[in-house]
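S.K.: Residue numbers (my numbering): 6 to 329. Sharing a structure, written as structure tokens. Questions coming.
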Ligand code: AHR
């Protein structure tokens, strides 16, 4: 892109001011490609960071972006995809709020010859050619990492039993299903681990607080561990633990996912024990994949960003500002 601007400047110099204005118009009228992106909502700092990253990277790569926010409703996402088809964008990208129910609209995109890229989450379908690529975290591995941390902590504490409550993300969403599976598979063979209950917190801070209030009311000090599927719900849950007279991070082990700045600061304060990273910075991978698709190149079916965990065993001073 920078090369193209330099070439245009040279042409401008040769053509004089009038020619330059004309070239400028040509460049503005011809973006690398037009992308329609349906974001699922604004439920968390992950999501807000993800939206901003996609907008910023689209500008950087010279891609014209039609961004629509579905406010947590699948029907709004389906409507947005239909508008992108009617507009005949070059590429459709979207973060599916849930896994089921996309076949019809994706078939329409296929019939219109518009390639589809999934971002962050995936879908459930028998027709594998309805999308080209999925760019997003390995949510199963995130659940495994949370489970592995807990096994290590259990060894350190030397307890015979650890009673666990789980606050899950949106039902039927990829991160909810895979984080749950990865975590359960990891702790399943250990007789110290006992699940008391799993409740649905929908990835929302307010629901995290409600779920925690309910769980503390029902199980009180029996709770040893809280596995919360995202930072937003964790941040909502912590004041409820404190109001009930317990010290989060000490009386109850807190496991969270995402790694946004607010949660990292709470981890540093000792009120969260482990955060598994889920990065929202998927914009560059998306733009590069979309350009490759437009150029007719073959792209990877699944693209996972590299992720890590932050725990009370680590040097927490060394964490760079998170940017979301
Ligand atoms: O799909 C990723 C998840 O969605 C993030 O963990 C969560 O914060 C968001 O709502």
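In this text, a Cβ means the ideal position worked out from N, Cα and C, and glycines have one as well.
DSSP puts residue 208 in a beta bridge; with which residues?
M.R.: Here residue 208 refers to the residue found at position 203 of the chain shown. None; residue 208 has no bridge partner.
S.K.: Below 6 Å CB to CB, which residues in the same chain sit around residue 218 once its five sequence neighbours on both sides are set aside?
M.R.: For the purposes of this step, residue 218 is taken as the residue at position 213 of the chain shown. 245, listed in sequence order.
S.K.: Tell me the rounded alpha-carbon separation between residue 78 and residue 129.
M.R.: Taking the chain shown and counting its residues from 1, the one referred to as residue 78 is at position 73. Taking the chain shown and counting its residues from 1, the one referred to as residue 129 is at position 124. Answer to the nearest angstrom: the Cα atoms are 17 Å apart.
S.K.: Rounded to the nearest angstrom, how far is the Cβ of residue 195 from that of residue 156, given a contact under 8 Å?
M.R.: Residue numbering aside, residue 195 sits at position 190 when the chain shown is read from its first letter. Residue numbering aside, residue 156 sits at position 151 when the chain shown is read from its first letter. Indeed, because the Cβ distance is near 6 Å, the residues count as touching under 8 Å.
S.K.: Hey, out of 228, 88 and 123, whose CA is closest to residue 169's CA?
M.R.: Taking the first residue of the chain shown as position 1, residue 169 is located at position 164. Of the listed residues, the one whose Cα sits closest to residue 169 is 228.
S.K.: Output the residue ranges of the beta strand (DSSP E) runs that lie fully inside the segment 171-244 and measure 3 residues or longer, sorted by chain position.
M.R.: The qualifying runs are 198-205 and 230-233.
S.K.: From residue 42 to residue 315, what distance separates their C-alpha atoms?
M.R.: Position 37 of the chain shown, counted from the start, is the residue given in the question as residue 42. Position 310 of the chain shown, counted from the start, is the residue given in the question as residue 315. If you take the alpha carbons of residue 42 and residue 315, they lie about 31 Å apart.
S.K.: Measuring CA to CA, which of 276, 234, 163 and 293 is closest to residue 182?
M.R.: Here residue 182 refers to the residue found at position 177 when the chain shown is read from its first residue. Residue 182 has its Cα closest to that of 234, out of 276, 234, 163 and 293.
S.K.: Please list the segments of the beta strand (DSSP E) lying wholly inside the segment 235-304, counting only runs of 3 or more residues, in order along the chain.
M.R.: Here the runs fully enclosed are 258-263 and 279-282.
S.K.: Can you tell me whether residue 50 is helix, strand or coil according to DSSP?
M.R.: For the purposes of this step, residue 50 is identified with residue 45 of the chain shown, where counting begins at 1. Correct three-state label for residue 50: helix.
S.K.: Start and end of the alpha helix (DSSP H) containing residue 109?
M.R.: Indexing the chain shown from 1 puts residue 109 at position 104. 108-116 is the span of the alpha helix (DSSP H), which, as asked, contains residue 109.
S.K.: When every heavy atom of the ligand AHR is checked, does at least one fall within less than 7 Å of the C-beta of residue 263?
M.R.: Start at 1 with the first residue of the chain shown, and residue 263 comes out as number 258. Yes, the Cβ of residue 263 comes within 7 Å of a heavy atom of the ligand AHR.
S.K.: Return the residue from the list 305, 269 and 301 that minimises the CA-CA distance to residue 320.
M.R.: Taking the first residue of the chain shown as position 1, residue 320 is located at position 315. Of the candidates 305, 269 and 301, the one whose C-alpha sits nearest the C-alpha of residue 320 is 269.
S.K.: Sorry if obvious, but does the Cβ on residue 131 come closer than 7 Å to a heavy atom of the ligand AHR?
M.R.: Along the chain shown, one-based indexing puts residue 131 at 126. No.
S.K.: Using alpha carbons as the reference points, say which of 127, 102 and 91 lies closest to residue 113.
M.R.: Working through the chain shown from its first residue, we reach residue 113 at position 108. Considering only alpha carbons, the answer is 91.
S.K.: Between which two residues does the beta strand (DSSP E) containing residue 41 stretch?
M.R.: Mapped onto the chain shown, residue 41 falls at position 36. First-last of the beta strand (DSSP E) with residue 41: 39-44.
S.K.: Should residue 38 be labelled buried (16 or more other beta-carbon atoms within 10 Å of its own) or exposed?
M.R.: The residue given as residue 38 occupies position 33 in the chain shown. The residue in question, residue 38, is buried, as its Cβ has 16 or more Cβ neighbours within 10 Å.
S.K.: Residues in its own chain within less than 8 Å of residue 290 by CB, not counting five upstream and five downstream?
M.R.: In the chain shown, the residue the question calls residue 290 occupies position 285. For residue 290, where only same-chain residues beyond five positions count, the Cβ hits under 8 Å are 140, 308 and 310.
S.K.: Within 10 angstroms of its Cβ, does residue 95 collect 16 or more other Cβ (buried), or is it exposed?
M.R.: Taking the first residue of the chain shown as position 1, residue 95 is located at position 90. Looking at its Cβ environment, which holds 16 or more other Cβ atoms inside 10 Å, residue 95 is buried.
S.K.: Could you tell me whether any non-hydrogen atom of the ligand AHR is closer than 7 Å to the CB of residue 283?
M.R.: The residue given as residue 283 occupies position 278 in the chain shown. It does: the Cβ of residue 283 is within 7 Å (strictly closer) of some heavy atom of the ligand AHR.
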